[in-house]
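One structure is given here, and the rest of the page talks about it.
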Amino acid sequence: MKRRSIDPETPDESAKASLCRALLSLKTTEEMDAFLNDLCTPAELEVLVDRWRVVPYLLEGVSYREIHERTAVSITTIGRVARYLNQGSGGYLAAAARAARSRAAAKRARA
Numbered sequence: 002m003k004r005r006s007i008d009p010e011t012p013d014e015s016a017k018a019s020l021c022r023a024l025l026s027l028k029t030t031e032e033m034d035a036f037l038n039d040l041c042t043p044a045e046l047e048v049l050v051d052r053w054r055v056v057p058y059l060l061e062g063v064s065y066r067e068i069h070e071r072t073a074v075s076i077t078t079i080g081r082v083a084r085y086l087n088q089g090s091g092g093y094l095a096a097a098a099r100a101a102r103s104r105a106a107a108k109r110a111r112a
């Protein structure tokens, strides 16, 4: 975690809540893409994408080695995501479930 020599004017929890509200306010994939490109460095965005990329494989029970071979994401990152899937706050699971429902609804709409 970043250490600061002075206290920021806005407490961390308040700033985090504000960021969460900003993310929730975006309505389209294009808006979210633009926001993430403005918010994150290319390396930070790559890390986020890599972490999200392995979630479906972990939920399917694919081995770390096979996930690495399919995605080129490091075994360390795969293990980190797996740990948070199992012992985290439930964010990955909530997002993955919502994404799966959204894909299913889109598929039904096309049929």
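Plus 1 on top of the position in the sequence shown (first one is 1) and you've got the numbering used here.
Backbone N, C-alpha and C define an ideal beta-carbon position, used for all residues, glycine too.
Computed from a predicted structure; not experimentally measured.
Would you mind stating whether residue i and residue j have Cβ atoms separated by less than 8 Å?
i     : j     : result
VAL82 : LEU59 : yes
VAL56 : ALA97 : yes
ILE89 : TYR65 : For the record, residue 89 in the displayed sequence is Gly; it is not Ile. Taking 8 Å as the Cβ cut-off, GLY89 and TYR65 do not qualify as a contacting pair.
LEU27 : MET33 : yes
If you compare alpha carbons, which of the options is closest to residue i?
i     : options                  : result
GLU52 : ALA73, ARG109 and SER103 : For the record, residue 52 in the displayed sequence is Arg; it is not Glu. Considering only alpha carbons, the answer is ALA73.
Could you spell out the range, first to last residue, of the alpha helix (DSSP H) harbouring residue i?
i     : result
LYS17 : 13 to 26
THR72 : 65 to 72
ALA44 : 43 to 61
ALA35 : 30 to 40
Just the C-alpha distance for residue i and residue j, rounded to the nearest angstrom, thanks.
i      : j      : result
LYS108 : GLU31  : 20 Å
GLY92  : ALA110 : 27 Å
VAL21  : ILE76  : According to the sequence as given, residue 21 is Cys; it is not Val. CYS21 and ILE76: Cα-Cα distance of roughly 29 Å.
HIS69  : GLU47  : 15 Å
ALA35  : ALA95  : 23 Å
LEU37  : ALA112 : 32 Å
Mapping DSSP to helix, strand and coil, what is residue i?
i      : result
GLY91  : coil
ALA112 : coil
SER103 : helix
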